[in-house]
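In the numbering used here, the protein residues as written are 384 to 614. These notes concern the structure reproduced below.
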């Protein structure tokens, strides 16, 4: 497990896929908590999977906690953030106040140290657990820039599509450019904003005038089309 986590953090898409497969039960278990709230089960699963991958890329053994313990609030938080943005979940005042306190403390620590602080350092100074920091981050938005995943941490579209079996990255890049030119306009627009301009699904939805769930579906459809063209 630790080796897979390390490989995934280093950008190994195969390791990411294996981790998702091995933890599919956990991902579904958390997604099921939110059934019946107006979001399709498959979309909840996709959100839970995204939260899981964020946990994979953000986890560090130095946090002093098991990966599953760290991952659960990240997975649930990804779904809750979507539901919150969609108007389904209201964030309590206490959580908002805690997030505000953590942001202030983070700023003070970074001024003192002259660098970004880790989740573990922030949690220790605040007198809370790393899981509480992660849960707070997911409930009201990022407390800091410590954990990024997928497009948020600079993952390329090529990494998301997967390039196993393609040894020449130049060929992959040229093939990707060609495949992108073949996408329908809406899919091309979404991919351009998500991976060219590092916009979140919520930001894309606001620009093109559709729901975040629709953006997620368009993005998945576009990536499936690109996979078929390239691989």
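A virtual CB, placed ideally from N, CA and C, is assigned to each residue, including glycine. All of these numbers come straight from a predicted model, not from anything done at the bench.
Rounded Cβ spacing between residue i and residue j (contact assumed at less than 8 angstroms)
i: residue 465; j: residue 430; result: 5 angstroms
Pick from the options that is closest to residue i, judged by C-alpha positions
i: residue 599; options: 502, 425, 436; result: 425
i: residue 413; options: 463, 609, 605; result: 463
i: residue 416; options: 443, 427, 563; result: 427
i: residue 432; options: 401, 448, 449, 444; result: 401
i: residue 562; options: 610, 384, 459, 489; result: 610
i: residue 591; options: 604, 577, 603; result: 577
i: residue 385; options: 597, 444, 410, 403; result: 444
i: residue 570; options: 597, 407, 388; result: 597
i: residue 409; options: 398, 387, 459; result: 459
Contact under 7 angstroms by Cβ, residue i with residue j
i: residue 500; j: residue 492; result: yes
i: residue 479; j: residue 457; result: no
i: residue 584; j: residue 595; result: yes
i: residue 601; j: residue 573; result: yes
i: residue 507; j: residue 485; result: no
i: residue 441; j: residue 461; result: no
Stretch-stretch touch, CB-based, cutoff 8 angstroms, three pairs: the stretch 411–420 with the stretch 389–400: no
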